[in-house]
Amino acid sequence: MSLYEASQLSIGGEDGLDEAGHFSATHLANYDLAGVVEHLLLHPYRKSLSPAKNFFHGNFQGSEYIWILDLQELANMDFKLVQSLHQKEIVQISSWWRELGLAKKLEFAREQPVKWYVWSMACFTDPNLSWQRIELTKPISFVYIIDDIFDVCGALDALTLFTEAINRYDISS
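In this text, residue positions in the sequence shown follow the working numbering: the first is 61, and each later residue adds one.
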């Protein structure tokens, strides 16, 4: 499985990795734990949003590999804990957004805190990075608001001035 995962890092034209991917996929298809392997082939670790969360998703009822059931239970418990954490973070983001009051001042702006949060969740998958996910969601929300300003209510001359002001901004000061 590790060989297959490593082959997914190929950026094209890397014959060795491509060959390793084909070789490992062919041999993994005949592996005893077909459910685990099938999931791995469909959702490579490096290409998954939340790789560890769904690894043991397959149904292994009646399997001779009883330890898989224990791992599946452990993965389900981990998933539920992380899901609960994400729900609490979404509540915090939603509360911050309501308290900010921009939705009332900019009625045309989309109010989508969950959508903004998903970007942070994809960047910081470690459950210990809760603060970072919340803080990254805030500037992401402003990117969407600026996009809405450009799309909905901006006059060309005002948007040109706004763009010039952003371009003049000196981050080092």
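From the three backbone atoms N, C-alpha and C, an ideal C-beta is built for every residue, glycine too.
Checklist entry - In this structure, does DSSP put His117 in helix, strand or coil? => result Because His117 sits at a pLDDT of 49, beneath the cut-off of 50, its placement in the model cannot be relied upon, and the point is left open.
Next on the checklist: Assuming Asn227 is part of the alpha helix (DSSP H), what are its boundary residues?
Outcome noted: Here the alpha helix (DSSP H) through Asn227 covers Leu216 to Arg228.
Checklist entry - With 16 as the cutoff for other CB atoms within 10 Å, does Thr197 come out buried or exposed? => result buried
Checklist entry - In three-state terms, what does DSSP make of His146? => result helix
Item to check | Three or more C-beta pairs below 8 Å linking the region 213-233 and the region 183-190 | outcome: no
Next on the checklist: Taking the alpha-carbon of Tyr204 as reference, which of Val212, Arg170, Ser84 and Ala135 has the nearest alpha-carbon?
Outcome noted: Arg170
Next on the checklist: If you measure between the beta carbons of Tyr64 and Ala89, is that distance less than 8 Å?
Outcome noted: no
Checklist entry - If we ignore side chains and look at the alpha-carbon of each, how far apart do Gly72 and Phe83 end up? => result 16 Å
Item to check | Backbone secondary structure at Arg170 - three-state DSSP | outcome: coil
Checklist entry - Can you give the Cα-Cα distance for His87 and Gln147, rounded to whole angstroms? => result 40 Å
Item to check | Cα-Cα separation, Ala135 to Ser155 | outcome: Going from the Cα of Ala135 to the Cα of Ser155 covers about 30 Å.
Item to check | Contact set for Leu77: own chain, Cβ-Cβ below 8 Å, skip 5 residues either direction | outcome: Ala66, Ser67, Leu69 and Ser70
Item to check | 8 Å CB neighbourhood of Leu166 in its chain, flanking five on each side removed | outcome: Ile205, Asp208 and Ile209
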